[in-house]
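> According to my numbering, the sequence shown holds residues 45 to 523 in order. Once you've had a glance at the structure underneath, I'll fire off some questions.
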Amino acid sequence: MINKNLLPEKDRELIELAERFEAARSEQRSIYMDSEDLADLAEWYSRRNRFKHAADVIECGLKLHPDNTSLLVEKVYLYLDQFKLAEAKKTARLITEERPDVTILRARLLAEDGRLDEAELMLDTLEDKYCKENIIDVAYMYLETGQRQRALDWLKHWKWDTDNQEYCAIMADNLLDQQEYREALTYYNKLVDQNPYHPPYWIGVARCHLGLGEYAKAIDACDYALLADEDLGDAYLIKGYSFIELRNGEKALEAYEGAIRCHVITQAYVHLLMGQLYVDTKKWSEAFKLLQQAKREEKELKDSISRSTLYSALALCLKHADKEGNKQLIMKYCLKAIDLDYYNVTAQLVAGLIFIEEGEMQTGLSMWKEISELVPEASTWWELSSYSLEASLFDHAIEALKKVEALEPDYPNLYKRLAITCILAGKPEEGYRYNRKDPSPIDQRDLEDINQLVARTQKDKLNAMLNDYLKNTDSQKDQ
45 MINKNLLPEK DRELIELAER FEAARSEQRS IYMDSEDLAD LAEWYSRRNR FKHAADVIEC
105 GLKLHPDNTS LLVEKVYLYL DQFKLAEAKK TARLITEERP DVTILRARLL AEDGRLDEAE
165 LMLDTLEDKY CKENIIDVAY MYLETGQRQR ALDWLKHWKW DTDNQEYCAI MADNLLDQQE
225 YREALTYYNK LVDQNPYHPP YWIGVARCHL GLGEYAKAID ACDYALLADE DLGDAYLIKG
285 YSFIELRNGE KALEAYEGAI RCHVITQAYV HLLMGQLYVD TKKWSEAFKL LQQAKREEKE
345 LKDSISRSTL YSALALCLKH ADKEGNKQLI MKYCLKAIDL DYYNVTAQLV AGLIFIEEGE
405 MQTGLSMWKE ISELVPEAST WWELSSYSLE ASLFDHAIEA LKKVEALEPD YPNLYKRLAI
465 TCILAGKPEE GYRYNRKDPS PIDQRDLEDI NQLVARTQKD KLNAMLNDYL KNTDSQKDQ
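Okay, here's the thing in structure tokens:
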């Protein structure tokens, strides 16, 4: 339900139009609506990811108002929102009227093709080129095509009040797009101060907190958005992801059910995301069941990165089932994941480990080297250290952990793992030095954790070495 009393007048009018339109459709009766109202309604549905509703409005509108420019413009944007560039171009050719929004749309299509100089020449034909409305529309056009600097260059053609709502909105969106979350948040906070019941501004706030890893704050921002509009799918989606990061599966599932109801996510994505939550918490059998469901619904996973994540997660589950016969299937899933997303760190590392275990050391190490160069992040090196430990490549693990230290010295449990790995590599003095740097030095519980990482053949040796180390550490404390 949408709380119309909390919304600005324009939003209330659009909701009332939507109610009239949907009532007429459900009762199978004809309805007359103004072409501009229908175009605005189609845009409103598109912003809420309700593309089928938007298409229905446009189809109905073009029957009432054949060849109407505003409706054809919205039809082009609807195709662009769904990444259907060929259909967008075909529809744009039907537009014969010359007006600013049509010129900007044509420039957008040129920019989508990478023909930026031609897009600028197209924009040169705008009457009153640098009027405020054109500047805002062109800036957003460039943002949507990933041309952030061009968007900022256009904004310079107007002397803005830095508290101006339109200026704050485009600056906030631009900074969010660049993942400058803290700076974007400054502008979004100004916007919610000016208009506290405008859901898109709260969604912007939520996305900033999400990017900053402030998951509880992201959830709070979504709740404010949902106060005004309980059917805001993006709010449920962000809440679900935030609850997953907070390891609250029950609340995450509840939020994702809201996202499904609002048509912004399918059941397959929910099964994948919840399966990934169980993978992260090492509940392998529960994860495998959910991921198998997602695999059966794979056609609903529209993007290759999600499908890649599915196969690498399945490979991990099979790997932890610890059955020798799984290796062939694990490798198949890893290679499928890599084919879908070459930057899938987990798939590359697991496949590399299997090559190493099967005696193809150079192939495995080459895969590890390549992915660490493609995604040179602390988390990549941390994962690489885990698989190096599993392969009993202790020196390799130490080098990976030193890369983590160089990138993120405060990485959780870094020095504890460095200490343990140095001990396993026969470097107890170095291990002792790292252990002293950790706020909670090694204890008996850590032996159980590390036991799960190393090869079975190394476990007796591991226990003996680490127990000796702990005894020596205790005796040094007693002296």
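Ideal Cβ positions, reconstructed from N, Cα and C, are used throughout, including at glycine.
#1: Let me know the secondary structure DSSP gives D55 once reduced to three states.
#2: Is the distance from the Cβ of D381 to the Cβ of A391 below 7 angstroms?
#3: Quick one: Cα of K48 to Cα of L373, how far?
#4: Out of N93, D55, C104 and S79, state which residue places its alpha-carbon closest to the alpha-carbon of E66.
#5: From G403 to S430, what does the alpha carbon distance come to, in whole angstroms?
#6: Cα separation between D100 and E188?
#7: In whole angstroms, what separates the C-alpha of R500 from that of W328?
#8: If you count every other CB in all the chains shown that lies within 10 Å of the CB of A195, and 16 or more means buried, which is it?
#9: Just confirm the distance between the C-beta atoms of E344 and T310, as a whole number of angstroms; I'd bet it's less than 8 angstroms.
#10: Buried or exposed: which applies to Q320, given that a residue is buried once 16 or more other Cβ atoms fall within 10 Å of its Cβ?
#11: In three-state terms, what does DSSP make of Q222?
#12: Mind the definition here: the segment 166–182 touches the segment 202–214 only if three or more C-beta pairs lie below 8 angstroms; say whether that holds.
#13: At the level of alpha carbons, what is the spacing between L451 and N457?
#14: State the DSSP-derived secondary structure class of I309, mapped to helix, strand or coil.
#15: Would you say the beta carbon of E71 is closer than 6 angstroms to some non-hydrogen atom of the ligand ADP?
#16: From G255 to L85, what does the alpha carbon distance come to, in whole angstroms?
#17: Consult DSSP for T113 and reduce its assignment to one of helix, strand or coil.
#18: Would you mind sorting K363 into buried or exposed? The rule is 16 or more other CB atoms within 10 Å of its CB.
#19: How far does the alpha helix (DSSP H) with V419 in it extend, from its first residue to its last?
#20: For E57, collect the residues of the same chain with a Cβ closer than 6 angstroms to its Cβ; drop the 5 residues on either side in sequence, then sort them by chain order.
#21: Among R351, K326 and L316, which has the Cα closest to the Cα of L334?
#22: For A262, is the classification buried or exposed, using 16 other Cβ atoms within 10 angstroms of its Cβ as the cut-off for buried?
#23: Do E118 and A83 have their C-beta atoms closer together than 7 angstroms?
#24: Under 7 angstroms, do R192 and Q222 count as touching if we go by C-beta distance?
On the basis of the data shown:
#1: The residue given as residue 55 occupies position 11 in the sequence shown. Residue state, collapsed to three classes: helix.
#2: Taking the first residue of the sequence shown as 1, we reach residue 381 at position 337. Taking the first residue of the sequence shown as 1, we reach residue 391 at position 347. Reading the sequence as shown, one finds Ala at residue 381 and not Asp. In this structure, A381 sits near A391, with a CB-CB distance shorter than 7 angstroms.
#3: Working through the sequence shown from its first residue, we reach residue 48 at position 4. Working through the sequence shown from its first residue, we reach residue 373 at position 329. Unreliable positioning characterises K48 in this predicted model, as indicated by a pLDDT of 40, which lies under 50. A coordinate reading is not provided.
#4: The residue given as residue 66 occupies position 22 in the sequence shown. It is C104 whose Cα lies nearest to the Cα of E66.
#5: Position 359 of the sequence shown, counted from the first residue, corresponds to residue 403. Position 386 of the sequence shown, counted from the first residue, corresponds to residue 430. Approximately 19 angstroms between the Cα atoms of the pair.
#6: Walking along the sequence shown from the start, residue 100 turns up at place 56. Walking along the sequence shown from the start, residue 188 turns up at place 144. Per the coordinates, the alpha-carbon of D100 lies some 24 angstroms from the alpha-carbon of E188.
#7: On the sequence shown, position 456 is the one that residue 500 refers to. On the sequence shown, position 284 is the one that residue 328 refers to. Any answer about R500 is weak, because its pLDDT of 48 lies below 50 and its placement is not dependable; what the coordinates show is given next. Whole-angstrom Cα-Cα distance: 19 angstroms.
#8: The residue given as residue 195 occupies position 151 in the sequence shown. So A195 ends up on the buried side.
#9: The count along the sequence shown starts at 1 and reaches residue 344 at position 300. The count along the sequence shown starts at 1 and reaches residue 310 at position 266. 4 angstroms between Cβ atoms; contact.
#10: Looking up residue 320 in the sequence shown gives position 276. Counting C-beta atoms within 10 angstroms of its own C-beta, Q320 has 16 or more neighbours from the protein chains shown and is therefore classed as buried.
#11: Looking up residue 222 in the sequence shown gives position 178. In this structure, Q222 counts as coil in the three-state DSSP scheme.
#12: Using a Cβ-Cβ distance cut-off of 8 angstroms, the segment 166–182 and the segment 202–214 are in contact, since at least three pairs of beta carbons, one from each stretch, lie closer than that value.
#13: What you label residue 451 is simply residue 407 of the sequence shown in a count that begins at 1. What you label residue 457 is simply residue 413 of the sequence shown in a count that begins at 1. Each residue's alpha carbon lies about 14 angstroms from the other.
#14: Mapped onto the sequence shown, residue 309 falls at position 265. Note: I309 maps to coil in three-state DSSP.
#15: Among the components modelled here there is no ligand, and therefore nothing to report on the ligand ADP.
#16: Residue numbering aside, residue 255 sits at position 211 when the sequence shown is read from its first letter. Residue numbering aside, residue 85 sits at position 41 when the sequence shown is read from its first letter. In this structure, the straight-line span from the alpha carbon of G255 to that of L85 is close to 31 angstroms.
#17: Taking the sequence shown and counting its residues from 1, one reaches residue 113 at position 69. It is helical.
#18: For the purposes of this step, residue 363 is identified with residue 319 of the sequence shown, where counting begins at 1. Buried: at least 16 other Cβ atoms inside 10 Å.
#19: Looking up residue 419 in the sequence shown gives position 375. Where V419 is concerned, there is no enclosing alpha helix (DSSP H), given that its DSSP letter is neither H nor E.
#20: Taking the first residue of the sequence shown as position 1, residue 57 is located at position 13. Its chain contains no residue whose beta carbon lies nearer than 6 angstroms to that of E57 once the 5 sequence neighbours on both sides are disregarded.
#21: Residue mapping note: residue 334 aligns to position 290 of the sequence shown, counting from 1. In terms of CA proximity to L334, L316 leads the group R351, K326 and L316.
#22: Reading the sequence shown from its first residue, position 218 is the one you call residue 262. A262 counts as buried, since at least 16 other C-beta atoms from the protein chains shown sit within 10 angstroms of its C-beta.
#23: Position 74 of the sequence shown, counted from the first residue, corresponds to residue 118. Position 39 of the sequence shown, counted from the first residue, corresponds to residue 83. Remark: C-beta atoms of E118 and A83 approach each other more closely than 7 angstroms.
#24: By 1-based counting over the sequence shown, the position of residue 192 is 148. By 1-based counting over the sequence shown, the position of residue 222 is 178. Between R192 and Q222, the C-beta spacing is below 7 angstroms.
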